[in-house]
Structures are given as structure tokens and as C-alpha cells.
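Everything on this sheet refers to the single structure shown next.
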Amino acid sequence: MFTYNKKEKLKSKKLIEQLFAEGQSVSAYPLKLIYLPVDFDDSILLKAGVTVSKRKFKNAVDRNRIKRLMREAYRLNKAVIFNNITTQYALMILYIGNDGITFEVLDTKMKVLLNKFLNASSNN
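Numbering (the numbering used here), first residue to last: 2 to 125.
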């Protein structure tokens with residue numbers, strides 16, 4: 002259950018562009034989640050990607066560390082979503098903070114963010 006393999010990663014450039022153009026969002030500072038209901042060819046319910054602003058974090062080392070922490074927090078907490086949705090979604094998680102973050106804080110915020118997503122997606 003606690004996996005985040007290649008099939009679950011959002012890779013399609015076309016889908017990512019569509020996500021930013023048409024997707025809806027929820028926020029739990031310093032995270033923002035953009036989501037869009039889609040139909041995937043495979044049986045995967047969620048495809049997710051993470052991103053960090055190059056403008057705010059000039060050093061690739063810093064960006065990569067935050068992305069690693071975000072992927073890990075998502076991996077550990079995605080069961081919350083999986084057990085409660087039936088629709089397929091494309092997700093993009095953005096880090097919108099200006100400073101670095103510890104995993105503990107990020108993990109807590111990820112839980113808040115995923116619960117907000119659940120509430121928002123069930124209302125649609």
C-alpha cells in the first residue's frame with residue numbers, strides 16, 4: 002500500500018498542461034494541490050507529481066530535497082485518499098513556501114492537504 006511506483010507518477014506533459022489550465026486546487030500552506038478528474042488507460046486511481054519553484058529555491062539540491070520529502074509524505078499518507086475515492090484523478094502537489102521545511106511539518110501539512118482534497122472532490 003505504501004508504494005509510489007512509476008505507474009503512479011504523473012509523467013504526461015499534455016496531462017500536466019491540462020491540469021494547470023483546467024484543474025481545481027486546495028491549499029494547506031506551504032503546499033498546494035491541483036487536481037483534475039481524468040480517465041487513465043490503466044486501473045490506477047491517482048497519478049501524482051510534485052514540483053518546487055526554481056525562482057524560490059535556486060539550488061537544485063534544495064529543490065530536490067523538498068521534492069523527496071514531498072514524495073515521501075505523499076507515499077505515506079495517500080492511503081487516506083485511496084480508501085475514499087472511486088474516480089481517477091491527476092494530482093500535482095506544489096511547494097509554495099519560501100523557506101526549507103522539516104519532514105514532520107511537511108507530513109502534517111500533507112495530511113491536512115489530502116483531507117481537504119477529499120472534502121473538495123466529494124463535493125463535486
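Using N, Cα and C, we set each Cβ at its ideal position, and we do this for glycine too. These figures come from a predicted structure and were not determined experimentally.
When you compare the CB positions of residue i and residue j, do they come within less than 8 Å of one another, or not?
i: K8; j: I45; result: yes
i: I17; j: L47; result: no
i: Y30; j: G98; result: yes
Can you tell me whether DSSP reads residue i as helix, strand or coil?
i: L11; result: coil
i: K112; result: helix
i: I97; result: coil
i: S54; result: coil
i: L34; result: strand
Quick one, which of the options has its alpha-carbon nearest residue i's?
i: L34; options: D108, N124 and A91; result: A91
i: Q89; options: S122, Q19 and P38; result: P38
i: M93; options: N60, T52 and I102; result: T52
So, for residue i: in the same chain, excluding its five sequence neighbours on each side, which residues have a beta-carbon less than 6 Å away from its beta-carbon?
i: F58; result: R64
Can you give me the Cβ contacts of residue i inside the same chain, cut-off strictly under 7 Å, excluding the 5 residues immediately before and after it?
i: K117; result: V27 and A29
*So, do the stretch 99–115 and the stretch 74–81 have three or more beta carbon pairs nearer to each other than 8 Å?*
In this structure the stretch 99–115 lies against the stretch 74–81, because at least three pairs of beta carbons, one per stretch, are closer than 8 Å.
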